[in-house]
Amino acid sequence: MWTEGKTRGWGAARHEVRALGYKSGQDLHVKVEVIGNEFKAYVNGEIKTVFKSAEFPEPKVALYLYHQSGQYWDNVVVRNLTNQSP
Numbered sequence: 043m044w045t046e047g048k049t050r051g052w053g054a055a056r057h058e059v060r061a062l063g064y065k066s067g068q069d070l071h072v073k074v075e076v077i078g079n080e081f082k083a084y085v086n087g088e089i090k091t092v093f094k095s096a097e098f099p100e101p102k103v104a105l106y107l108y109h110q111s112g113q114y115w116d117n118v119v120v121r122n123l124t125n126q127s128p
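Following the working numbering, the numbering of the sequence shown begins with 43 at its first residue and continues without gaps.
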């Protein structure tokens, strides 16, 4: 789910995604890519959702897990690729 963050809690859901494919005990590789106003999410290399919105000119990153025990984030990397040279 793409959700708008607020100063004190979560705002409105902007785009819902169902059935990402998680099974209890399974490791998933998740990648989120933001280019301009297009937000993409991949699970194990497969694109799962695309969300377009011009409402977030300077997006921030937040990750959360929802209603399944035993889940956690590990090895999170955030990179700005806009000014990288080849």
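Every residue, glycine too, gets a C-beta built ideally from N, C-alpha and C.
In the DSSP assignment, the beta strand (DSSP E) including residue i goes from what residue to what residue?
i: phenylalanine 81; result: 80-85
i: threonine 124; result: Looking at the DSSP string, threonine 124 is not in any beta strand (DSSP E), and its letter there is neither H nor E.
i: lysine 65; result: Neither: lysine 65 is in no beta strand (DSSP E) and is coded neither H nor E.
i: glutamate 97; result: First-last for glutamate 97: undefined, no H or E at that position.
i: valine 72; result: 72-77
For residue i versus residue j, is the C-beta spacing smaller than 8 angstroms?
i: glutamate 88; j: lysine 82; result: no
i: asparagine 122; j: alanine 96; result: no
i: valine 103; j: valine 85; result: no
i: valine 92; j: leucine 105; result: no
For the candidate residues the options, whose alpha-carbon lies nearest to that of residue i?
i: glutamine 68; options: Tyr106, Val118, Gln113; result: Gln113
i: lysine 65; options: Glu100, Asp116, Ser111, Lys94; result: Ser111
i: lysine 90; options: Thr124, Asp116, Leu70; result: Leu70
Counting only beta-carbon separations shorter than 8 angstroms, does residue i have a partner in chain D?
i: leucine 70; result: Note that chain D does not occur in the displayed structure, where there is just one protein chain.
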